[in-house]
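>
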Amino acid sequence: MTFILLIEQVLNGLQFGVMLFLMAAGLTLVFGVMGLINLAHGSLYMVGAFAAAAVAGATGSFLLALAAALAAAAAAGALMELLVIRRLYNRDHLDQVLATFALILIFSEGTRWLFGSFPLYLDIPDALSGPVTLPGGIAYPAYRLAIIAIGLVIAAGLFWLIARTRLGIRIRAGESDREMIAALGVDISKLYTIVFALGAALAGLAGALVGAIQSVQVGMGEPVLILAFVVIVIGGIGSIKGALIGAILVGLTDTLGGIALPAVLRLVTDNATATSTGAALSSMLIYILMAGVLIWRPQGLFGAQA
């Protein structure tokens, strides 16, 4: 493995991790504050991607596409919370799983009815379409660097929101004792809607950003949702810092493992076997990482002690 290839894979891992953070941050807020298992969070990722692709195709503006993704996902999340999720807070987790799984089917079929079964494509903006030469002569796509920068800026904004604002105080209080803050006069229903819409908007933004480097299609959110659950288990439920660290760990493990394992296996076997076996084992690495973290810290890296 050359040094340039290693740096490129580290940057790919950071980009993948940042995208997972945008998904996992909203998911961990919803689960931490509301105690709700939302399997339909991946559908909001898909809504953002389709909204961005549709608006970009109609206007040619990538910025308008991102704004549309945020607005569409936030609106879909708020409507979901008002019409369905609000009735599930006092139900057990099995009811929540079944109801949100039904929402996945509704979103998937509704999206297929509106946009058809064929994938859509979202073009990378011209200003970010070329490579950037990094120190050491490494040429890396400018758009992927932009995704990393956007994710880190949003992470900083979320840390500020949770730690320094009145809304953040209410979110943290709602996570600790929702009955007490309701007794103190906080409209807990309105707070839940805001938190759910915020998490939905982050998922929609992730879908829009990734939609420019892969096709936008029905069902694209479910594989990412599985990885987002892995991230919040590793980082600790309810922790934004844990979501960020966990997402970066998962991203780096996935990308670096994909090139390190085949390289190691080539030392003891032929190229064809090393490639196929290494690909199979590398896909398991993130789950091995999750298992190792849970053995060491069952509550996750930054989760609160039970």
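Start counting the sequence shown at 0; every next residue gets the next number (numbering that gives the first Met the number 0).
The C-beta atom is built at its ideal place from N, Cα and C for all residues, glycine as well.
Count the C-beta pairs between the region 252-269 and the region 135-155 that are closer than 8 Å, then say yes if the count reaches three, no if not.
The region 252-269 is not in contact with the region 135-155.
> Name the residue from I6, E7, Q14 whose alpha carbon lies nearest to the alpha carbon of V209.
Residue numbering aside, residue 209 sits at position 210 when the sequence shown is read from its first letter. For V209, the nearest C-alpha among the options comes from Q14.
> Whether or not the region 195-209 and the region 17-30 are in contact is what I'm after, with contact meaning three or more pairs of Cβ atoms, one per stretch, closer than 8 Å; do they touch?
Touching, yes, given that three or more Cβ pairs across the two stretches are closer than 8 Å.
> Quick check on this structure: which residue in I258, D176, A39, F114 has the alpha carbon closest to the alpha carbon of Q95?
Your numbering for residue 95 matches position 96 in the sequence shown. Ranking I258, D176, A39, F114 by Cα distance to Q95 puts A39 first.
> Is it the case that the region 220-234 contacts the region 34-51, given that we only count it when at least three CB pairs across the two stretches are under 8 Å?
Counting Cβ pairs under 8 Å, three or more are found: they touch.
> Taking the alpha-carbon of G135 as reference, which of E7, R111, S116 has the nearest alpha-carbon?
The sequence position of residue 135 within the sequence shown is 136, counting from 1. The shortest Cα separation from G135 among E7, R111, S116 belongs to E7.
> For P130 versus Y139, is the C-beta spacing smaller than 8 Å?
Walking along the sequence shown from the start, residue 130 turns up at place 131. Walking along the sequence shown from the start, residue 139 turns up at place 140. Yes, the Cβ-Cβ distance between P130 and Y139 is below 8 Å.
> Starting from the C-beta of F100, find all residues in its chain whose C-beta is less than 8 Å away, skip the five residues before and the five after it, and write them out in chain order.
Stepping through the sequence shown from its first residue, residue 100 is reached at position 101. Counting only Cβ-Cβ distances below 8 Å, and skipping sequence neighbours, we find L38, A39.
> Taking the alpha helix (DSSP H) that T1 falls in, what are its first and last residues?
Along the sequence shown, read from residue 1 onward, the residue named residue 1 stands at position 2. Premise fails: T1 is in no alpha helix (DSSP H) and is neither H nor E.
> Is it a yes or a no for the region 231-243 touching the region 292-300, going by three-plus beta-carbon pairs under 8 Å?
Counting Cβ pairs under 8 Å, three or more are found: they touch.
> Kindly provide the ranges of any alpha helix (DSSP H) runs that are 4 or more residues long and lie completely inside the region 12-94, ordered along the chain.
DSSP runs (the alpha helix (DSSP H)) wholly in the region 12-94: 40-58, 61-82.
> Whose C-alpha, out of L97, I294, R111, is nearest the C-alpha of Q216?
By 1-based counting over the sequence shown, the position of residue 216 is 217. Answer by Cα proximity: R111.
> Go through its chain and collect everything with a Cβ distance to A55's Cβ below 8 Å, but skip five positions before and after it.
Counting from 1 along the sequence shown, the entry for residue 55 is found at position 56. F61, L63, A64, L121, D122.
> Should A70 and A51 be called a contact, given that it needs their Cβ atoms to be closer than 8 Å?
Start at 1 with the first residue of the sequence shown, and residue 70 comes out as number 71. Start at 1 with the first residue of the sequence shown, and residue 51 comes out as number 52. Against a cut-off of 8 Å, the Cβ pair of A51 and A70 comes out as no contact.
> Going by CA-CA distance only, name the one from A262, L260, M283, L144 that's closest to L133.
Within the sequence shown, residue 133 is the residue found at index 134, counting from 1. It is L144 whose Cα lies nearest to the Cα of L133.
> Cα separation between V83 and L280?
What you label residue 83 is simply residue 84 of the sequence shown in a count that begins at 1. What you label residue 280 is simply residue 281 of the sequence shown in a count that begins at 1. Rounded to whole angstroms, V83 to L280 spans 40 Å at the Cα level.
> With DSSP as the reference, please indicate the residues paired to P130 in a beta bridge.
Within the sequence shown, the letter at position 131 stands for residue 130. P130 is bridged to P140.
> Let me know the alpha helix (DSSP H) ranges lying completely inside the region 138-218, each 4 residues or longer, listed in chain order.
The region 138-218 contains these whole alpha helix (DSSP H) runs: 141-163, 165-175, 177-182, 187-210.
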